[in-house]
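One structure is given below, encoded as structure tokens.
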Amino acid sequence: MKWIGALLLISTTTWLGFDWSQNLTKRPRHIRQFKNALQILEAEILYSQLPLPDAFATIAKQIPEPSKSFFFTLSDAMAKRKVDLVPTWESAVEKLINISSLTSNEKEILNQFGRTLGQHDFSQQQKHIQLTITHLERELQDAIDNQHKYGKMAKSLGFLCGLFIVLLLI
């Protein structure tokens, strides 16, 4: 019976290590997706001059999950009823953070951008989009560094922690 418990404990901690490593791997991809979405938004605002709900719908059709559901939520909320963008944006960012591997740093960057969206003329809006992309680029580099630093370690650490706990209990 002890051995079954030991194997379950080791497999659980190993699974947690692999999950941590997977989050480290997904974070750069999610940041890249959002950067691409902001570039599409910039093009839609500047060249197509679409209203925000239509621009959000266009973006949602072009990008993969989890960013797709973020922009679809925004488009849907703004198209159905006249709502204030800032609280809608912030609640959508909160949902995005919960379903993606993005961290509180990206949450703050996106919330700052959401507060400026739709408040300025085209050239100022373009500058805000570029500033947000620059901030996300910095976070992308940090995410890539963390992935390289801690990716393999997370997998090994999960297994080794489980093994250590089993050895302590035996």
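First residue of the sequence shown? That's 4 in our numbering, and the numbers climb one at a time after it.
We put the beta carbon where it would ideally sit given N, CA and C, even for glycine.
Would you call the CB atoms of residue i and residue j closer than 8 Å?
i: residue 147; j: residue 31; result: yes
i: residue 73; j: residue 58; result: no
i: residue 161; j: residue 8; result: no
i: residue 34; j: residue 142; result: yes
i: residue 129; j: residue 49; result: yes
i: residue 165; j: residue 17; result: yes
i: residue 89; j: residue 80; result: no
i: residue 56; j: residue 40; result: no
i: residue 99; j: residue 69; result: yes
i: residue 136; j: residue 42; result: yes
Straight-line CA distance for residue i to residue j?
i: residue 23; j: residue 172; result: 25 Å
i: residue 71; j: residue 169; result: 43 Å
i: residue 140; j: residue 38; result: 8 Å
i: residue 108; j: residue 114; result: 10 Å
i: residue 175; j: residue 134; result: Missing from the structure shown is residue 175; the chain here goes from 4 to 173 and no further.
i: residue 27; j: residue 36; result: 15 Å
i: residue 138; j: residue 163; result: 36 Å
i: residue 84; j: residue 51; result: 23 Å
i: residue 77; j: residue 110; result: 16 Å
i: residue 60; j: residue 13; result: 45 Å
i: residue 92; j: residue 117; result: 6 Å
i: residue 131; j: residue 167; result: 50 Å
i: residue 29; j: residue 11; result: 27 Å
i: residue 144; j: residue 65; result: 24 Å
i: residue 25; j: residue 152; result: 13 Å
i: residue 75; j: residue 5; result: 50 Å
i: residue 150; j: residue 120; result: 31 Å
Tell me whether residue i sits in a helix, a strand or coil according to DSSP, three-state version.
i: residue 1; result: Residue numbering for the chain in the displayed model covers 4 to 173; residue 1 lies beyond these limits and cannot be assessed.
i: residue 86; result: coil
i: residue 129; result: helix
i: residue 67; result: coil
i: residue 173; result: coil
i: residue 123; result: coil
i: residue 174; result: Here the chain has residues from 4 to 173 only, and residue 174 is not among them.
i: residue 150; result: helix
i: residue 53; result: coil
i: residue 178; result: Outside the shown range of the chain, which is 4 to 173, sits residue 178, and nothing can be said about it.
i: residue 4; result: coil
Is the shortest distance between the beta-carbon of residue i and the beta-carbons of chain D less than 8 Å?
i: residue 116; result: Within the model displayed, chain D is absent; a lone protein chain is all it includes.
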